[in-house]
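In UniProt numbering, the protein residues as written are 1 to 453.
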């Protein structure tokens, strides 16, 4: 062991051989920023050693002929740490870098940059495994995102570009071309709902999108209650061209156009108590749902044909003369409907016959039990942009269907006692039909609803 002093600023404490640092020793550099302690050979750092910097950072590992070379550990001023291969003082080869934000990279380095194959874990838990170039994801790779999505395909300078497949957490899959991190070019999306789109994509969206649903054939049809009918529809774009989509799920429902009475009228309280809630359509007016099903949904014991007796009773017993005592004679309906005591004007005033008299049946047979409403029709999936709803079924209105009661009374308020005929479909005799093109107050609409857009 010997102490060698060179000038006044440099100092070495350690082993020497032939006046050269050789063996283990500590050397403080003239600028006082660096201090090395470790092995020396012929005056150069060689073997295992530790190079400390005045700012607290350091390197510990292998040296070769005075250079950091081989395997080592480096702590940086920003808190990053690296453990792996070095060459001529730079990270080069396989290594692991960890950061204070919990991100981590394990893979190949070249000239202090991520280069080649590696695994990068983001602070949010996302993981990329694949090719790197100049510190960026570049080439083939797979990215698993923190939300559960997974992309496998090509990257260019940290963005998805080229061919790739993206799998969403809900099961939706897109496979095709990418550009600028978006679907661009030929691609196929299989949605979790079953919808399939295959074709061109532009900036993340299909080149051609269906913007409307068109009914094929007559736009207005006569539908007889208690019988089956069918609808054929197509998905079209703004230029009215059919969009070849597969698997888009569409639901059909029926509704009746609704007009709310003005506050302060005799009907206002009845409207507030309505169980049926109006909703807005794209056509600028509100509607109230009306029962609709299909033949496959009907229970085996369901009476398909409408019964004339309950239809007659329902149509007549729900309308009273203003100020009459009809409410006491039709208590059966009032028990089923708390609003039956609302006084309404008879629509047959020209004959002078009160609803109390007309509501009585030729026989005293009790009212039949109310038939439960059938479930809504099944949804339908598009094939090449087309859908076909087969054997839809329009049952009679439920007893005490308030929207029709309100519309009848509004007609009378507008037109006097000689107002329009009742629009309660229960009053339609078996085998008769009612057009979907009625007057404004009683029009019925067939509404198509997107289950998936």
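Even for Gly, the Cβ is constructed at its ideal location relative to N, Cα and C. This structure is a prediction, so every number in the text was calculated from the model and none was measured.
query: Exposure of residue 157, with buried meaning 16 or more beta-carbon neighbours within 10 Å; result: exposed
query: Buried/exposed call for residue 68, threshold 16 Cβ in 10 Å; result: buried
query: Opening and closing residue of the beta strand (DSSP E) in which residue 390 lies; result: 386-393
query: Span separating the alpha-carbon of residue 126 from that of residue 176; result: 22 Å
query: Assigned secondary structure, residue 296 (DSSP; H/G/I helix, E/B strand, else coil); result: helix
query: Whole-Å CB distance - residue 293 paired with residue 206, under 8 Å assumed; result: Not quite, the Cβ-Cβ distance comes to about 33 Å (not below 8 Å), so this is no contact.
query: Bounding residues of the beta strand (DSSP E) (the contiguous stretch that carries residue 219); result: Counting along the chain, residue 219 falls outside any beta strand (DSSP E), and DSSP gives it neither H nor E.
query: Where the beta strand (DSSP E) containing residue 240 begins and where it ends; result: Looking at the DSSP string, residue 240 is not in any beta strand (DSSP E), and its letter there is neither H nor E.
query: Residue 255 - containing beta strand (DSSP E), residue span; result: 249-258
query: Beta-bridge partners of residue 206, as assigned by DSSP; result: 201
query: Presumed contact (8 Å Cβ cut-off) between residue 66 and residue 50, rounded CB distance; result: Actually they do not touch by this definition, with Cβ atoms about 15 Å apart.
query: Whole-number beta carbon distance between residue 234 and residue 242, since they are thought to touch under 8 Å; result: 5 Å
query: Distance between residue 79 and residue 103 (C-alpha atoms, nearest Å); result: 12 Å
query: Reduced DSSP secondary structure (H/G/I, E/B, other) of residue 11; result: strand
query: Beta-carbon proximity of residue 164 to residue 178, cut-off 7 Å; result: yes
query: Reduced DSSP category for residue 149 - H, G, I as helix; E, B as strand; rest coil; result: coil
query: Euclidean distance between Cα positions of residue 111 and residue 92; result: 6 Å
query: Candidates 213, 193, 212 and 187, of which the one nearest residue 201 by Cα; result: 187
query: Range of the contiguous beta strand (DSSP E) that encloses residue 128; result: 127-133
query: Best match in 170, 39 and 221 for proximity to residue 22 [C-alpha to C-alpha]; result: 39
query: Best match in 129, 376 and 255 for proximity to residue 299 [C-alpha to C-alpha]; result: 376
query: Residues that residue 279 bridges to, as DSSP identifies them; result: 287
query: Nearest-angstrom Cβ-Cβ length linking residue 249 and residue 171, presumed shorter than 8 Å; result: 14 Å between Cβ atoms; not a contact.
query: Collapsed DSSP secondary structure at residue 365 in the structure displayed; result: In this prediction, residue 365 scores a pLDDT of 45, lower than 50, which makes its location untrustworthy; no coordinate-derived value is stated.
query: Residue 157 (DSSP reduced to helix, strand or coil); result: coil
query: Residues near residue 136 by beta carbon distance below 6 Å, same chain, minus five either side; result: 157 and 158
query: DSSP beta-bridge partners of residue 140; result: 154
query: Closest Cα partner of residue 105 within the set 11, 88, 123 and 89; result: 123
query: Per-residue DSSP class, three states only, for residue 16; result: strand
query: Beta-carbon contacts of residue 388 that lie in its chain and below 6 Å, excluding the five residues immediately before and after; result: 232
query: Beta-carbon spacing of residue 229, residue 204 below 7 Å; result: no
query: Residues of its chain near residue 99, where Cβ-Cβ distance is below 6 Å and the 5 sequence neighbours each way are ignored; result: 80
query: Residue 381 versus residue 251 - alpha carbon distance; result: 9 Å
query: Backbone secondary structure at residue 211 - three-state DSSP; result: coil
query: Test item: CB-CB of residue 247 and residue 196 under 7 Å; result: yes
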